[in-house]
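Okay, so here's the structure we're looking at.
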DNA sequence: TGCTTTTATTGATATAAATCAATAAAAAAA
DNA sequence: TTTTTTTATTGATTTATATCAATAAAAGCA
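Residue numbers (the numbering used here), protein chains in the order written: chain R, 464 to 693; chain H, 464 to 693.
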């Protein structure tokens with residue numbers, strides 16, 4: 464069974480996000496007020512696109528997926544892993560979530576009321592700058608997605624997705640995917656059939672090995688090349 | 464000829480961006496230090512993707528286009544009009560520009576050194592929050608682009624582009640486009656031939672009137688419907 | 001355990017949009 | 001002005017990817 468973390472005080476927190484690294488004890492005290500931890504089962508929704516943005520979530524354990532939902536089909540924006548502070552758009556504008564987040568695995572999330580985070584934002588300019596840096600970096604990420612999704616062909620997109628999981632999520636050339644084929648397809652903004660076909664081709668060419676959700680990148684250079692050439 | 468604005472002091476500035484509305488005289492004094500105005504001819508580059516982010520540009524006069532350049536083809540991210548503070552990604556991260564900006568018309572740009580803007584950011588929490596709001600809103604904009612460009616068909620994208628110009632840039636159902644067909648295509652991430660074909664179809668169906676770069680939206684409802692249904 | 005439902009895979013076909021190609025119009029230069 | 005260059009337009013063709021359809025495998029449930 465999953466071990467429940469003891470998590471009473473932000474000052475003693477061993478898994479503090481880099482974003483909170485430079486906060487004073489007093490700042491952390493503010494963050495700690497009304498903070499709480501929630502555990503989710505795989506598949507469960509942490510927050511839904513369109514709902515009120517009341518807490519900032521820090522992902523402590525597990526993986527979650529962030530999905531922009533639209534009439535036509537879902538777009539899987541990114542996968543988040545610990546320790547990540549989930550700062551979506553809406554945080555400083557309309558206080559609504561603009562994507563949905565749901566658990567891919569068992570997840571522990573630390574929930575900090577937005578007004579406390581903003582209180583620290585106002586009293587600590589260095590933190591304000593860190594938060595801006597965070598938002599800035601995420602905006603940059605969506606720029607990259609924009610280029611990838613508008614300019615690469617299915618092969619390039621799927622190859623890029625494999626590199627994304629290998630480099631950023633699982634940090635290994637062999638990994639067990641926590642998402643379905645459909646979700647992989649949503650990440651690449653293609654149909655699941657197309658995503659599967661590309662996987663099969665990469666497999667047939669000996670560039671990757673697949674068994675169910677276990678994937679190993681064999682020819683990393685080639686996958687990188689396919690990703691880059693689109 | 465173009466009248467040159469007298470622009471010596473931010474305190475007296477009549478065309479101040481909402482972003483600077485809540486600054487004290489002292490804050491404005493800081494912004495004003497080493498601030499300068501540059502005029503550009505149509506087609507000229509204000510800054511290039513990959514170059515150093517040294518100044519924040521406030522667009523005072525004219526229109527400019529922001530383009531993400533990539534190996535395959537350009538993606539026209541947005542068109543900016545006065546009075547807009549151009550806050551691209553990189554501002555709080557790597558201090559590089561991540562898109563290129565160039566003048567579509569005659570342009571006057573007010574250039575504020577980044578370190579002065581950041582100085583005010585640090586001393587004035589309300590301004591810091593305003594800046595974050597700005598970045599947040601822009602991130603939201605790129606979310607919308609992401610959805611549009613991945614999910615709408617060419618008809619929907621071109622229709623949306625027409626609404627974009629009508630609602631946000633020219634604020635009229637009739638307008639003279641300051642961009643070429645190729646640039647319109649880059650905005651929609653389609654080929655210019657496809658963009659032209661859609662324009663022709665919309666024209667043939669009597670939904671718009673086109674003569675060269677003069678466009679008038681006749682059946683606004685229908686264009687909106689096409690934009691929404693993709 | 002077998003039964004049901006969901007997810008994955010593969011093939012055949014359709015289609016949206018790109019590419020290629022040629023001409024026309026407009027803008028810039030001589 | 002005429003010439004040259006760039007931009008716009010239209011048609012014919014190709015192609016990448018979606019859609020449709022059918023089966024297989026896996027997962028959840030009785």
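For every residue, glycine included, the Cβ atom is placed at its ideal position computed from N, Cα and C.
Neighbouring residues, chain R, relative to residue 621 of chain H (Cβ below 8 Å): As a working note, residue 621 of chain H is residue 158 in the second chain. Those do not exist, as residue 621 of chain H stays about 15 Å from chain R at its closest Cβ, beyond 8 Å.
Contacting positions in the stretch 492 to 520 of chain R - beta carbon closer than 7 Å to chain H: Against chain H - using a Cβ distance shorter than 7 Å - the stretch 492 to 520 of chain R contributes no residues.
For residue 488 of chain H and residue 686 of chain R, the rounded distance between their alpha carbons: Counted from its first residue, the first chain places residue 686 of chain R at position 223. Counted from its first residue, the second chain places residue 488 of chain H at position 25. Taking the Cα positions, residue 686 of chain R is about 56 Å away from residue 488 of chain H.
Interface residues of the stretch 595 to 611 of chain R facing chain H [CB-CB below 8 Å]: Here the close residues are 595, 596, 598, 599, 600, 601, 602, 603, 605, 606, 608, 609, 610.
Interface positions of the stretch 531 to 543 of chain H facing chain R (Cβ-Cβ less than 7 Å), listed along the chain: Of all residues in the stretch 531 to 543 of chain H, those with a C-beta nearer than 7 Å to a C-beta of chain R are 531, 533, 535, 536, 538, reading in chain order.
Any 3 or more C-beta pairs closer than 8 Å across the stretch 623 to 631 of chain H and the stretch 479 to 498 of chain H: Short answer: they don't touch.
The stretch 664 to 677 of chain H in contact with the stretch 597 to 605 of chain H per 3-pair CB rule at 8 Å: These segments do not touch.
Backbone CA spacing between residue 638 of chain H and residue 476 of chain R [nearest angstrom]: As a first step, residue 638 of chain H must be located in the second chain, where it is residue number 175. As a first step, residue 476 of chain R must be located in the first chain, where it is residue number 13. Straight-line Cα distance between these residues: approximately 58 Å.
Proximal chain R residues relative to residue 561 of chain H, where beta-carbon distance stays under 7 Å: Here the question's residue 561 of chain H lines up with position 98 in the second chain. Ordered by position in chain R, the residues that pass the 7 Å Cβ test against residue 561 of chain H are 603, 606.
Assigned exposure category for residue 595 of chain R - 16 Cβ within 10 Å defines buried: Residue 595 of chain R sits at position 132 when you count from the first residue of the first chain. Label assigned to residue 595 of chain R: buried.
Beta carbon proximity, residue 732 of chain R to chain H, threshold 8 Å: With chain R represented from 464 up to 693, any question about residue 732 of chain R goes unanswered, as that position is not in the structure.
Alpha helix (DSSP H) runs wholly inside the stretch 589 to 639 of chain R, at least 4 long, in chain order: Along the length of the stretch 589 to 639 of chain R, whole alpha helix (DSSP H) runs at least 4 residues long occupy 617 to 627, reported in chain order.
Local Cβ density within 10 Å of residue 634 of chain H, reported as buried at 16 or more and exposed below that: In the second chain, residue 634 of chain H corresponds to position 171, counting from 1. Residue 634 of chain H is classed as exposed because its beta carbon has fewer than 16 other beta carbons within 10 Å across all chains shown.
DSSP three-state assignment for residue 532 of chain H, whether helix, strand or coil: Translated into positions along the second chain, residue 532 of chain H becomes position 69. The answer is coil: DSSP assigns residue 532 of chain H none of H, G, I, E or B.
Burial state of residue 486 of chain R (16 or more Cβ within 10 Å): Stepping through the first chain from its first residue, residue 486 of chain R is reached at position 23. Looking at its Cβ environment, which holds 16 or more other Cβ atoms inside 10 Å, residue 486 of chain R is buried.
Chain R contact for residue 664 of chain H (CB, 8 Å cutoff): Here residue 664 of chain H is taken as the residue at index 201 of the second chain, counted from 1. The beta carbon of residue 664 of chain H sits no closer than 8 Å to any beta carbon of chain R.
According to DSSP, residues forming a beta bridge with residue 499 of chain H: What you label residue 499 of chain H is simply residue 36 of the second chain in a count that begins at 1. Partner(s): H:574.
C-alpha distance - residue 558 of chain H paired with residue 670 of chain R, whole-angstrom precision: By one-based count along the second chain, residue 558 of chain H stands at place 95. By one-based count along the first chain, residue 670 of chain R stands at place 207. Taken atom to atom, the span from the alpha-carbon of residue 558 of chain H to that of residue 670 of chain R is near 37 Å.
Secondary structure of residue 652 of chain R, DSSP reduced to three states: If you number the first chain from 1, residue 652 of chain R lands on position 189. Here DSSP, grouped into helix, strand and coil, assigns residue 652 of chain R to coil.
Cα-Cα separation, residue 542 of chain R to residue 565 of chain R: Taking the first residue of the first chain as 1, we reach residue 542 of chain R at position 79. Taking the first residue of the first chain as 1, we reach residue 565 of chain R at position 102. As the crow flies, the alpha-carbon of residue 542 of chain R is around 10 Å from that of residue 565 of chain R.
Same chain, Cβ closer than 7 Å to residue 700 of chain H, neighbours up to 5 away in sequence not counted: Residue 700 of chain H is absent from the model: chain H starts at 464 and stops at 693.
Sequence-distant residues of its chain with Cβ nearer than 6 Å to residue 666 of chain H (five each side left out): Indexing the second chain from 1 puts residue 666 of chain H at position 203. Excluding sequence neighbours, residue 666 of chain H sits near 673.
Assigned exposure category for residue 471 of chain R - 16 Cβ within 10 Å defines buried: Your numbering for residue 471 of chain R matches position 8 in the first chain. Answer is exposed; the Cβ neighbour count stays below 16.
C-beta neighbour in chain H for residue 577 of chain R, strict 8 Å: Taking the first residue of the first chain as position 1, residue 577 of chain R is located at position 114. At a cut-off of 8 Å, the C-beta of residue 577 of chain R has no neighbouring C-beta in chain H.
Same chain only: Cβ atoms within 7 Å of residue 571 of chain R, ignoring 5 sequence neighbours per side: Counted from its first residue, the first chain places residue 571 of chain R at position 108. Result list for residue 571 of chain R: 468, 500, 502, 523, 524, 525, in chain order.
Coarse secondary structure for residue 508 of chain R, derived from DSSP in three states: Within the first chain, residue 508 of chain R is the residue found at index 45, counting from 1. Three-state DSSP puts residue 508 of chain R in a strand.
Any chain R beta carbon closer than 8 Å to residue 525 of chain H: Residue numbering aside, residue 525 of chain H sits at position 62 when the second chain is read from its first letter. Taking Cβ atoms only, chain R never reaches closer than 8 Å to residue 525 of chain H, which makes this a no.
CB contact below 8 Å: residue 483 of chain R versus chain H: Reading the first chain from its first residue, position 20 is the one you call residue 483 of chain R. So no, residue 483 of chain R is outside the interface.
Residue 640 of chain H at chain R interface by Cβ criterion, 8 Å: As a working note, residue 640 of chain H is residue 177 in the second chain. Taking a beta-carbon distance threshold of 8 Å, residue 640 of chain H does not count as an interface residue toward chain R.
CB contact below 8 Å: residue 464 of chain R versus chain H: By one-based count along the first chain, residue 464 of chain R stands at place 1. At residue 464 of chain R the pLDDT is 37, less than 50, meaning the model places this residue with poor confidence; the figure from the coordinates comes in the next sentence. Closer than 8 Å to the CB of residue 464 of chain R there is not a single CB belonging to chain H.
Residue interval of the alpha helix (DSSP H) (run including residue 687 of chain R): Counted from its first residue, the first chain places residue 687 of chain R at position 224. Run containing residue 687 of chain R: 683 to 692, per the alpha helix (DSSP H) assignment.
Test: residue 567 of chain R CB closer than 8 Å to a CB of chain H: Locating residue 567 of chain R in the first chain gives position 104, counting from the first residue. Not closer than 8 Å to any Cβ of chain H, the Cβ of residue 567 of chain R fails to qualify, so no.
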